[in-house]
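Chemist:
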Amino acid sequence: MIDLRLKIEPFPAVEPLVVRLRYDAASGEDDAASGEDDAVLVDRDAGRCEFDYNGFSLVVHAPDGIDLDGDVIMVLPGQGSAHRLVRAASPHNTFLVTEQCDQLCVMCSQPPKKHHADLFPQFLKAVELAPNRAYIGLSGGEPMLHREKMFAFLEAAAVVRPDVRFHILTNGQHFEEADAERLTGIGVERVLWGIPLYARSPELHDQIVGKPGAFERLQRSLSNLMLAGASVELRTVVMRQNFAELPALSNYICNRLPFISVWALMQMERIGFGRMNWASSFMDTSSDFSALRSAINMVCASGIEAALYNFPLCSVPQPYRHLAPSTISDWKRKYLGSCEGCSSREACGGFFEWYKHDEGFRGISPL
Ligand code: SF4
C-alpha cells in the first residue's frame, strides 16, 4: 500500500499551503504555473529531502525510491505530515471533496461524516500545479452537496488549466435543468460524471442507497445531464441484493439511458459499510456469472459500452476479460501469493488492500 501522507518536519504554515516539489528549478520552466509555488530540492540523504520554499526550509521524509518530483502536496498548520494531493507519476489522483453525504449505501467504502472542511481553494491551486493533461478524480461523500462551490471550482479550473480533465463521483441527487449552461461552459468533454444506479426497481435502489425517493430524483438528474450533453459513467456495484435484477437493469439502460458513455459493473470494496455488510452483500461472481453475462450481452448488443471494474481477471470468464481493465488505484492495490507466476498479472488489477481471501472469490486461480 502506498502512503498518501508524507512525514514533514515542523513548518510555519498558518493556513493550508499547497506546494509543488521540484528536484530541479529548471524542470518546470516550460510550465506557466511554476515559480512561487515550487519548492526546489537542495539536499537529499537517507530518506530526508530538504526543499527550498521561498527561502524557507521544507523537510519531507520519504523512503528512498519514492519519486517526489512534480508532486503537489498540502501542508496543514500544526500537522507533522503533508497530504500528497497529486502524485505526478501516477494516474490515480483523487481529491476528497467532502465526507458529508445524503445517502447511506449498504456497501459505502467511505461512510459519511457530519463535519466538512472546505478545501476548494487548495484543490484549485493543486490543479493549477498538476502535470500537463492530468486526469483528476473528485470524490466524497457527496461532492455535489456543495454544488455552487463545485461549479465555481470547475469553472475556474477550466480557465487556468483547460488541459486538465476530471472524473467526479456523485450520487446524482443534485442536478437541475438550469445547470445545462454551466455544464456546457465547463466543457462536457472535460468531465466524466460517475453516477450509481443499482436497480431498475425504485424500491430496491432506494433500499440499497438508504434514501426514499432517491431513484426518482436520480432519473431527473440523469435527464438534466442528458439534455446538457454531459458524459456519464453509470456505475452499478454488483451485490447479492441486485444480482438477479441485473438483466432488468440492463434492459432499462438500453431503453431509457442509451446516452451514457459507459456502464461500469463493479465489485465491492471490503471497507467501511462494505466490510460491515460483506457477508450479506458480497456476490462471488467467480462462482456465478450468469446474471452479469445476460446484462452485459444485452447492453453490448445495443451498442452501449460495458466495463467490469475491480474484478480480478481470473474471476471473469474468458470471453469477458477484455471488459475488465485494471481499475483499483495503485496505492490500495495488492495481489495474492498465488498470483506469483500468473501470466496475466501485468494486465490484472488485483485486489483491494483490505480484501480477505477466505471470505472472497472461490473460483479463481492463476491464468
Ligand atoms: S491469479 Fe492472475 S488473474 Fe488472478 S488475481 Fe492474481 S494476477 Fe489476477
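278 is the number that the working numbering gives to position 282 of the sequence shown; each next residue is one higher, with no gaps.
Just so you know, even glycine gets a beta-carbon here, dropped at the ideal spot from N, CA and C.
A quick note: this is a predicted structure, and the numbers were derived from the prediction, not measured.
Can you find a heavy atom of ligand 1 that lies under 6 Å from the Cβ of S322?
Modeler: no
Chemist: Check K330 in the structure and name its three-state DSSP category.
Modeler: strand
Chemist: Looking only at C-alpha atoms, which of E173, A224, Q96 and A195 sits nearest to L188?
Modeler: A224
Chemist: Under 6 Å from any heavy atom of ligand 1, does the C-beta of S290 make it?
Modeler: For ligand 1, not one heavy atom lies less than 6 Å from the Cβ of S290.
Chemist: Find out if the Cβ-Cβ distance for the pair D48, V36 is shorter than 7 Å.
Modeler: yes
Chemist: Just list the beta strand (DSSP E) runs in the segment 26 to 96, keeping only unbroken ones of 3 residues or longer that don't cross its boundaries, in chain order.
Modeler: 34 to 41, 44 to 49, 52 to 57, 68 to 71, 77 to 82 and 89 to 92
Chemist: Near I256, which residues of its chain fall below 8 Å by C-beta distance, leaving aside the five closest residues on each side in sequence?
Modeler: V228, E229, L230, I249 and I300
Chemist: Does ligand 1 have even one heavy atom less than 6 Å from the beta-carbon of S340?
Modeler: yes
Chemist: Quick one: any contact between the segment 216 to 223 and the segment 262 to 276, if contact means 3 or more CB pairs under 8 Å?
Modeler: no
Chemist: State buried or exposed for Q169, treating a residue as buried only when at least 16 other CB atoms are found within 10 Å of its CB.
Modeler: buried
Chemist: Between P313 and ligand 1, is there a pair consisting of the residue's CB and a ligand heavy atom that are separated by less than 6 Å?
Modeler: Because no heavy atom of ligand 1 lies under 6 Å away, the Cβ of P313 does not count as near it: no.
Chemist: Does DSSP classify H117 as helix, strand or coil?
Modeler: Reading the sequence as shown, one finds Pro at residue 117 and not His. It is helical.
Chemist: Using 8 Å for Cβ pairs, my map puts V233 next to Y194. What's the rounded Cβ distance?
Modeler: About 7 Å separates the two Cβ atoms, so the contact holds.
Chemist: With a threshold of 7 Å on Cβ separation, who are the neighbours of L417 within its own chain once the five nearest residues in sequence on each side are excluded?
Modeler: The first residue shown for the chain is -3 and the last is 363, placing residue 417 beyond what the model contains.
Chemist: Would you mind sorting K207 into buried or exposed? The rule is 16 or more other CB atoms within 10 Å of its CB.
Modeler: buried
Chemist: Just to check my reading of the structure: K121 and D63 have Cβ atoms closer than 8 Å, yes? What is that Cβ distance to the nearest angstrom?
Modeler: With a Cβ gap of about 21 Å, K121 and D63 do not count as contacting.
Chemist: For A21, which residues in the same chain have their Cβ closer than 8 Å to its Cβ, ignoring the five residues on either side in sequence?
Modeler: D34 and V36
Chemist: Please classify L150: does DSSP put it in a helix, a strand, or coil?
Modeler: helix
Chemist: Just the Cα atoms here: how many angstroms apart are S77 and L2?
Modeler: Between S77 and L2, the C-alpha separation is close to 5 Å.
Chemist: Please state the DSSP three-state secondary structure of W350.
Modeler: coil
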